[in-house]
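Novice:
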Amino acid sequence: MQGKQLRAEFELVRGTYHSFSEKVQELLEGFLEAKGLVVHSVSSRCKTPGSLEVKAQKKLDKGSEYTSLKSVTDLAGVRVITHFANDVDEIAKIVEHEFNVDFDNSIDKRLAQEPDRFGYTSLHYVVALSDDRLKLSEYLKFSDIKVEIQIRSILQHAWAEIEHDIGYKANDEVPKDVKRKFSRLSGLLELADEEFMDIRTKVDAYAESVKKAVGTDLEEFEIDKTSLDSFAMSNHVVVELDREIGDILGVTIGKPYFLPEEFEIFKMFGVNTLDQLEKMLQDYRSGILERAEHIASRDDGTTFMLGAGISIFYLFQVVVGLSKDEDKVMDYLRAMGLAEDGEFADYLMTF
1 MQGKQLRAEF
11 ELVRGTYHSF
21 SEKVQELLEG
31 FLEAKGLVVH
41 SVSSRCKTPG
51 SLEVKAQKKL
61 DKGSEYTSLK
71 SVTDLAGVRV
81 ITHFANDVDE
91 IAKIVEHEFN
101 VDFDNSIDKR
111 LAQEPDRFGY
121 TSLHYVVALS
131 DDRLKLSEYL
141 KFSDIKVEIQ
151 IRSILQHAWA
161 EIEHDIGYKA
171 NDEVPKDVKR
181 KFSRLSGLLE
191 LADEEFMDIR
201 TKVDAYAESV
211 KKAVGTDLEE
221 FEIDKTSLDS
231 FAMSNHVVVE
241 LDREIGDILG
251 VTIGKPYFLP
261 EEFEIFKMFG
271 VNTLDQLEKM
281 LQDYRSGILE
291 RAEHIASRDD
301 GTTFMLGAGI
311 SIFYLFQVVV
321 GLSKDEDKVM
331 DYLRAMGLAE
341 DGEFADYLMT
351 F
């Protein structure tokens, strides 16, 4: 078919393709959330009639042509950008499970890439909605169309965007000196992807070791974001205190959320390891619960969620308050960015 004819046909149905790309984006976001997979972004787009005409003309110039509008597999597109390269395969499993995949028109460009070629590539699926989903009335209008789903890591995406911006589309178009630079950068980005994956593996293993630590084992772990997050979610002292605080305030305890300033407070009080922190929580337990009671007494009816480890946040307010040391109170408030809050300073001094 000629480009102009394809364009005319597409203009009549582009709205449906646009809606389809948005719907697939919405579905993918839901699948990722259900699996607990966090990605950099999920976006959708629909090809413009003008770009379709140009693409058809280029194909015709090369001696072939599209036989129909349905033979153009990238009229609608969804792109998933992951933080880590190995997440690409996890998302691929979701796509293959939740959609009808047209494997003949899908390609894993990571495998197709020649080892001596520059360039960073991604995984491309051409899919249709599953048979079960097409039985639902809201999806019936999408029964005859497909969408291209691209999955790549954020470094792969950076490569592709820069390559596109520079304007080189084919290996033959690149001067030799530029080709060498592309090749070197490709290797560096591939290495960086691998190193980031290795870092995540080590961080996950470290967090898991904190969860398994009991008793004196905690003295082995210095306080950092990873150890503190894991400690807040798994240590029985923290979990029980948080539960009691949640009951007092009538709120839900969610995931840990520690402010950067709190790590300065740990240093200020010489709390360097998790066993020291656990002992302080036990020693000041009654004060921490009293702090929660004070907050509850000023309840304005607002419903909210607290992060796991809220007992740790209250702990140091109790410690500085019970010290009755104005200098310590002010040091704490300055570290937390609350030096101008005179009312809170007075509260701590009279705790």
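Under the numbering used here, the first residue of the sequence shown carries the number 1, and numbering increases by one thereafter.
Beta carbons are placed, not taken as given, at the ideal position from N, Cα and C, and that holds for glycine.
For Phe99, which of helix, strand or coil comes out of DSSP?
Specialist: In the structure shown, Phe99 sits in a strand (DSSP, three-state: E or B).
Novice: Find out if the Cβ-Cβ distance for the pair Ile149, Val95 is shorter than 8 Å.
Specialist: Going by C-beta atoms, Ile149 is nearer than 8 Å to Val95.
Novice: Does the contact criterion of 3 or more C-beta pairs under 8 Å hold for the stretch 56–63 versus the stretch 126–136?
Specialist: Touching, no, given that fewer than three Cβ pairs across the two stretches are closer than 8 Å.
Novice: Please check the pair Tyr284 and Val318, which I expect to be a contact at CB under 8 Å, by giving their CB distance rounded to whole angstroms.
Specialist: Tyr284 to Val318, Cβ: 5 Å. Contact.
Novice: I'd like the list of long-range same chain contacts for Leu52, defined as Cβ closer than 8 Å, with 5 residues on each side in sequence excluded.
Specialist: Answer for Leu52: Gly3, Leu6, Arg7, Phe10, Val72 and Leu75, listed in chain order.
Novice: Take Ala232 as the anchor and find which of Val251, Leu277 and Glu195 has the nearest alpha-carbon.
Specialist: Per the Cα distances, Leu277.
Novice: Val13 to Arg110, Cα distance in whole Å?
Specialist: Straight-line Cα distance between these residues: approximately 33 Å.
Novice: Going by Cα to Cα distance, which pick from Thr16, Thr82, Ser64 and Leu32 is closest to Arg410?
Specialist: For the chain, the structure presents residues 1 to 351; residue 410 sits outside this window and is missing.
Novice: The alpha helix (DSSP H) with Leu129 in it runs from where to where?
Specialist: Run containing Leu129: none in the alpha helix (DSSP H); it sits in the beta strand (DSSP E), Leu123 to Leu129.
Novice: Less than 8 Å between the CB atoms is what I'm expecting for Asp193 and Ser153, so what's the real figure, rounded?
Specialist: That pair is a contact at about 6 Å.
Novice: Give the straight-line distance between the Cα atoms of Val54 and Met1, rounded to the nearest whole angstrom.
Specialist: Distance between the alpha carbons of Val54 and Met1: 13 Å.
Novice: Relative to the C-alpha of Ala213, which residue among Asp275, Val24, Asp327 and Arg180 is closest?
Specialist: Per the Cα distances, Asp275.
Novice: Near Leu315, what residues of its chain come up, given a Cβ to Cβ distance below 7 Å and the 5 sequence neighbours on each side ignored?
Specialist: The answer, listed in chain order, is Met280, Leu281, Tyr284 and Ile288.
Novice: Provide the residue(s) that pair with Glu262 in DSSP beta bridges, ordered along the chain.
Specialist: BP columns for Glu262 are empty, so no partner.
Novice: How far does the alpha helix (DSSP H) with Ile50 in it reach, from first residue to last?
Specialist: The amino acid at residue 50 is misidentified as Ile; the sequence shows Gly. From DSSP, the alpha helix (DSSP H) with Gly50 extends over Pro49 to Asp61.
Novice: Spatial neighbours of His18 within its chain, please: C-beta separation below 6 Å, excluding the five flanking residues on both sides.
Specialist: Answer for His18: Cys46, listed in chain order.
Novice: Can you tell me which of Ala345, Pro256 and Leu338 puts its alpha carbon nearest to the alpha carbon of Glu326?
Specialist: Considering only alpha carbons, the answer is Ala345.
Novice: Over the uninterrupted beta strand (DSSP E) stretch that includes Gly77, give me the two end residues.
Specialist: Run containing Gly77: Ala76 to Thr82, per the beta strand (DSSP E) assignment.
Novice: Our contact map puts Met305 next to Thr226 with C-beta atoms below 8 Å; I'd like the distance itself, whole angstroms only.
Specialist: About 22 Å; that fails the 8 Å criterion.
Novice: Under 7 Å Cβ to Cβ from Lys267, same chain only, skipping five residues before and after it: list those, please.
Specialist: Counting only Cβ-Cβ distances below 7 Å, and skipping sequence neighbours, we find nothing.
Novice: Quick check: what's the CA-CA separation for Ala292 versus Asp217?
Specialist: So the two alpha carbons sit approximately 30 Å from each other.
Novice: When the Cα of Asp354 is compared with those of Ser122, Leu189, Glu240 and Asn100, which residue comes out closest?
Specialist: The displayed coordinates of the chain run from 1 to 351. Any statement about residue 354 would go beyond what the structure contains.
Novice: Please state the DSSP three-state secondary structure of Asp193.
Specialist: Reduced to three states, the DSSP call for Asp193 is helix.
Novice: So Asp242 and Gly309 are in contact, right, with Cβ under 8 Å, and what is the actual spacing, rounded?
Specialist: The pair is a contact, with the Cβ atoms about 7 Å apart (cut-off 8 Å).
Novice: Identify the continuous beta strand (DSSP E) that holds Arg152 and give its terminal residues.
Specialist: It spans Val147 to Ser153 - the beta strand (DSSP E) in which Arg152 sits, taken as one unbroken run.
Novice: For Ile245 and His157, which I take to be in contact (beta-carbon distance under 8 Å), what is that distance rounded to the nearest angstrom?
Specialist: About 42 Å separates the two Cβ atoms, so there is no contact after all.
Novice: Does the beta-carbon distance from Ile145 to Phe20 come in below 8 Å?
Specialist: Yes; because the gap between Cβ atoms is below 8 Å, this pair is in contact.
Novice: Start and end of the beta strand (DSSP E) containing Gly307?
Specialist: Start and end: Met305 to Gly307.
Novice: Do Ile265 and Tyr347 count as a contact pair if the criterion is CB distance below 8 Å?
Specialist: No, Cβ-Cβ distance for Tyr347 and Ile265 is not below 8 Å.
Novice: Suppose you measure from the CA of Phe269 to the CA of Ile295; what does that come to, to the nearest Å?
Specialist: Their backbone Cα atoms lie some 24 Å apart in a straight line.
Novice: Does the beta-carbon distance from Ser43 to Arg79 come in below 8 Å?
Specialist: Result yes, Cβ atoms of Ser43 and Arg79 sit closer than 8 Å.
Novice: I'd like to check one pair, Ala207 with Ser230: are the Cβ atoms closer than 8 Å?
Specialist: Their beta carbons are under 8 Å apart, which means Ser230 touches Ala207 by this criterion.
Novice: May I ask which residues mark the beginning and end of the beta strand (DSSP E) holding Arg285?
Specialist: Looking at the DSSP string, Arg285 is not in any beta strand (DSSP E); the run it does join, the alpha helix (DSSP H), is Arg285 to Ser297.
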